Structure formats: C-alpha cells, structure tokens
Amino acid sequence: QLMRGVGHEMLLGFEGAAVFPGAAIGVLGSGQLGRMFTAEAQRLGYRVVVLDPDAEAPAGQIAHEHITREWGNREALAELAARADAITTEFENVPADVLRALAAHCPVRPSGDAVWTTQDRLREKAFLNQAGVDTVGWQPIASIEDCAAAWHSVGPLGAILKTAQFGYDGKGQARVAAH
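Listed below in structure tokens is the structure:
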C-alpha cells in the first residue's frame, strides 16, 4: 500500500509501519509487470531484490539483485527474507505457503491468505459474493454431469468456461455458445 508522507512516499509494512525509500523490496516473480514495478520502485528510491527461477526474466534484468532459484527453495527464500525489508509478488501463482513463510520475517503484501483466495476462481467468487460484492453469474463444474445445470444457471446466450486455477490473461478459458 503506497502512502504519501510529509515530503516522502512510503510503503506500509508490518502493522502499518512505514517502509521508506532506501529500503529493499523483495519481489517474487519477474515478468513484465514485475519489471514495471521494479522501475517505479527504483525511481522512488527503493532497492529491489527479485526472486525468479528464470535468469532472463524481465524484472531481474533491471533489479539491484536477482536471485535465480525456484520459489520453494529454502535457501533462496531465506536469502530474500534477509535482503528485503518488505516483500510482494508480481503475479498470483506464487505459492501462498511461500508468502506465509516469508511473513514470519518481514512484511508481505498481499498476504499469503489473500493470494490463496485469489488463486482459485471458485474460492475468489464465493469470497466476493459472501462479502456482498456482485459478480457475473457463475456456477462450479466438477464433472460432465454439472454442465447442464451450470448452463441453465448462467444463461442461454453464451458463457466462458474457465479453469479454477492457473488461468490468467485469457489462458485456461473457452467461449461456450448455444447452437
């Protein structure tokens, strides 16, 4: 969360404590969004340490440091926690347990629990609906037998069939139309 202070921009860390420019931000993931985040964080005066297994990853190319190991590598996570004052993720498929583990060492935003909710479309939709947030009509499909009921529930004009997990930017989706 970015907050403007008296002549400073800062990131809110543990329990609302500020993480001021000059601090190091750890980033899990290193795609195009991570590169844009890294460039802006550096412009604001933050150091950026990226953890991503791809040695050629976009954010890693411009970060102050790039730890090139897998998300679940304990040594890499310990190294990131030791080098960062706060940690974030640049995409939703970083394992939530990794974020939870890192939170024992420094502020992690979004939290592992928040990421866990968003990593599954069924959990995410149910969470939003239970919080009173309207979403488009949806129906879970666990088997072929669920298809007819889901179709009637969502509507006869057409729908988009989506995987519950690991779909993003249009991946894991198929348009379904009536004949």
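So that you can map any letter, position 20 of the sequence shown is 27 in our numbering, and since no number is skipped, the others follow by simple counting.
Beta carbons: idealized from backbone N, C-alpha and C, even for Gly.
Since the structure is predicted, the reported quantities are computational estimates derived from the model, not experimental observations.
From the options, residue whose alpha carbon lies closest to that of residue i
i    : options               : result
F51  : I94, G29, L35, A121   : Per the sequence presented here, residue 51 reads as Leu, with Phe not at that position. Residue G29 is the option with its Cα nearest to L51.
A31  : S150, C113, D141      : C113
L129 : R116, I148, A70, V115 : I148
V161 : Q146, I151, S150, R42 : Q146
H159 : A85, W123, V101, A185 : A185
A111 : G179, A85, T124       : A85
Buried versus exposed call for residue i [16 or more other C-beta atoms within 10 Å across all chains shown]
i    : result
E97  : buried
T170 : exposed
G139 : exposed
L109 : buried
L164 : exposed
G20  : Residue confidence is low: G20 scores 46 on pLDDT, short of 50, so the model does not pin down where it sits. Its coordinate-derived value is still stated next. G20 comes out buried.
is_contact[residue i, chain C] using C-beta, thresh 9 Å
i   : result
A46 : Protein chain content of the structure displayed is limited to a single chain, and chain C is not contained in it.
Cβ-Cβ distance between residue i and residue j below 9 Å
i   : j    : result
S37 : G67  : yes
D59 : T45  : no
L88 : V26  : Note that residue 88 is Ala in the sequence shown here, rather than Leu. No; because the gap between Cβ atoms is not below 9 Å, this pair is not in contact.
E99 : Q137 : no
Contacts around residue i, its chain only, beta-carbon distance under 6 Å, and the 5 residues preceding and following it disregarded
i    : result
G119 : A103, L106, R107
V13  : Bear in mind that the predicted position of V13 carries a pLDDT of just 39, short of 50, making it too unreliable to give a figure here.
E72  : V56
I166 : Residue 166 is actually Ala in this sequence, not Ile. Excluding residues within five positions, the ones whose Cβ falls inside 6 Å are V183.
C-alpha gap between residue i and residue j, whole angstroms
i    : j    : result
V34  : T95  : 5 Å
Y53  : A62  : 22 Å
R11  : F134 : Legend: pLDDT at R11 = 40, less than 50; position of this residue unreliable, value from coordinates given subsequently. Rounded to whole angstroms, R11 to F134 spans 30 Å at the Cα level.
E82  : T142 : 41 Å
D153 : G144 : 15 Å
A156 : E77  : 41 Å
A48  : Q39  : 14 Å
F173 : P117 : 18 Å
K178 : E131 : 17 Å
Close-in-space but distant-in-sequence residues of the same chain around residue i (CB under 7 Å, 5 per side omitted)
i   : result
A91 : A31, I32, G33, V56, C113
R42 : P65, A66, I69
Same chain only: Cβ atoms within 8 Å of residue i, ignoring 5 sequence neighbours per side
i    : result
V122 : T96, E99, V101, A103, L106
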